[in-house]
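Numbering (the numbering used here), first residue to last: 154 to 255.
Ideal placement from N, C-alpha and C gives every residue a C-beta, glycine not left out.
Here the structure is laid out as structure tokens; the discussion comes afterwards.
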């Protein structure tokens, strides 16, 4: 059984016991998260599709919160001695899917 869920404005294909990184959610580690926005569910060849499949949900446990790799941004204007360096690390939440239910 697999499902496609929406989390953080992105869609992810998930199966039970799969681990994935989603946009940062303000949840503590080992906290349970429920995703009600299930777009597609495939159960033994039977496919249910909808904007949000009714009564379908996926449950997950937060494994960890972290930051991604650093991205360097460098802007400058030629011949003006104007330079700007900036860095960014995107926060993420790593989750493990524990249950997919119809």
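Relative to residue 176, the option among 201, 197, 215, 211 whose CA is nearest is 215.
Under the three-state reduction of DSSP output, residue 160 falls in the strand class.
Per DSSP, the beta-bridge partners of residue 175 are 246. Under the 8 Å Cβ criterion, the segment 191-202 does not count as touching the segment 218-234, having fewer than three qualifying pairs.
Counting other Cβ atoms within 10 Å of its Cβ, residue 167 reaches 16 or more and is therefore classed as buried.
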